[in-house]
Amino acid sequence: MSATHLPAMPMPPIPDLPSSGFRLTKEHFLVAVPVAVVAAVGGFLVSQYLNRRSCKKGQVNTCINKDSPKVVHSFDMEDIATKAVYCRCWKSKKFPYCDGSHTKHNEETGDNVGPLIIKKKDA
């Protein structure tokens, strides 16, 4: 028996839904929309404020002497021949001396860090 030979079954009537008596007018929307927008913006701003307060800042030094509470290097001026170039990006494989790693760091992050260059004055 194919679908075209089946007898047609009548659909039961859909009952009317009772009215709840709640109707939104244009005046209701003129009040409700601004209140909803202010509440949403206020909630967003509060969440951003709380998120910034609880967020720990990222570390600059990711791998140099991590077992030490503070990384400090000291050099005597007499030990510097004519020029010394020191790393300030904390990425150098020859730290504390610069190996040019700041170039890649700057390209990746948009930063503008460069080395610290100390040289003796010409006599």
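Under full-length UniProt numbering, residues 1 to 123 are what the sequence shown spells out, in order. Just so it is clear, CB atoms sit at the ideal spot from N, CA and C, and this is done for glycine as well. Nothing here was measured: the structure is a model prediction, and the numbers come from that model.
In this structure, I64 lies away from F44, with their beta-carbon atoms at least 8 Å apart. By the neighbour-count criterion, in which a residue is buried when 16 or more other Cβ atoms sit within 10 angstroms of its Cβ, S47 is exposed. Separation of F29 and R52 (C-alpha to C-alpha, rounded to the nearest whole angstrom) is 34 Å.
Residue pairing by DSSP places V85 opposite I117 in a beta bridge.
Cβ contact annotation for A84 (same chain, cutoff 6 Å, sequence separation greater than five): I118, in chain order.
Taking the Cα of K121 as reference, the smallest distance to any Cα among T82, V113, T109 and D111 is reached at T82.
Contact annotation, T62 with W90: C-beta distance approximately 7 Å; criterion of less than 8 Å satisfied. Per the DSSP secondary-structure output, Y97 pairs in a beta bridge with Y86. Taken through DSSP and simplified to helix, strand or coil, T25 comes out as coil.
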